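Heads up, the thing below is written out as structure tokens.
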Amino acid sequence: MKSTTRTDSPAILLIAFASMLAIACGCDPKPANNQDDSRPGTHVHADGSVHNDDDNHHHEEGHAHGPGPHGGTIVDWGGGKYHAELTVDHDKQEATVFIFGNDEKTSTPIDAKEISLTVKDPLFTVSLSAKPLGSEVMGKSSRFVTTHKNFGIRKDFEGSISGVVDGTPYSGNFSEEDE
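Numbering-wise, the sequence shown is residues -24 to -1, 1 to 155 according to mature numbering (1 follows the signal peptide of the UniProt record, and there is no 0).
Below is the structure:
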């Protein structure tokens, strides 16, 4: 009996399309305009952007950041599109999260009433409410605040921060380090 394979199956076509898409979206060592802009001390991203090697940006999730503008822990959101900075005031038992753009320092108000913070040890989850900075328009905030008795514990916290920006969910893991 002869074996045949159908190539018009929706599942096979979907797998083939996904494979081609994955290959097409791979890293390109040259800018989109195909100009070689790889000067010494610089590197080029697949989107064509050129950066100095000492620029304060990153290439992968899980990378290390220095302290944020408020001295807190920086969390990557969306592959670097957004960043969140977590600060903890142990005396007030208060956590504050600031939202920044890809440069990790420009306040970026988002259209959200709250974001979530989950801490691993002791395990708990809290909602942080929007508390707009003075210059931010009504309905948008780059600052979110909450209180919880566990923030009074003097330790380095580890966990995740999540929220929704323009209908897209974002989440990033953090681990505070001794300063």
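Heads up, the beta-carbon is just placed ideally off N, CA and C, and yes, glycines get one too.
Owing to the predicted nature of the structure, the values given are computational and were not obtained by experimental measurement.
Reduced DSSP secondary structure (H/G/I, E/B, other) of residue i
| i | result |
| --- | --- |
| Asn78 | coil |
| Phe127 | helix |
| Ser103 | strand |
| Pro145 | strand |
| Glu134 | strand |
| Glu90 | strand |
| Glu61 | strand |
Neighbour-count burial assignment, residue i, 16 or more Cβ in a 10 Å radius
| i | result |
| --- | --- |
| Asp87 | exposed |
| Asp52 | buried |
| Arg130 | exposed |
| Glu153 | exposed |
| Thr49 | buried |
| Asp30 | Legend: pLDDT at Asp30 = 43, less than 50; position of this residue unreliable, value from coordinates given subsequently. Exposed: under 16 other Cβ atoms inside 10 Å. |
Pair within 8 Å by beta-carbon distance, residue i and residue j
| i | j | result |
| --- | --- | --- |
| Phe74 | Gly115 | no |
Anticipated Cβ contact below 8 Å, residue i with residue j, distance rounded
| i | j | result |
| --- | --- | --- |
| Glu134 | Lys96 | 5 Å |
Proximal residues to residue i (C-beta, below 7 Å), its chain only, five neighbours per side dropped
| i | result |
| --- | --- |
| Gly57 | According to the sequence as given, residue 57 is Lys; it is not Gly. Correct list, in chain order: Asn78. |
| Gln69 | Thr123, His124, Lys125, Phe127 and Gly128 |
Other residues of its chain near residue i: CB distance less than 6 Å, five sequence neighbours each side excluded
| i | result |
| --- | --- |
| Lys107 | Arg119 and Val121 |
| Gly55 | none |
Cβ-based neighbour list, residue i, same chain, cut-off 8 Å, excluding 5 preceding and 5 following
| i | result |
| --- | --- |
| Thr101 | Ser92, Leu93, Thr94 and Val95 |
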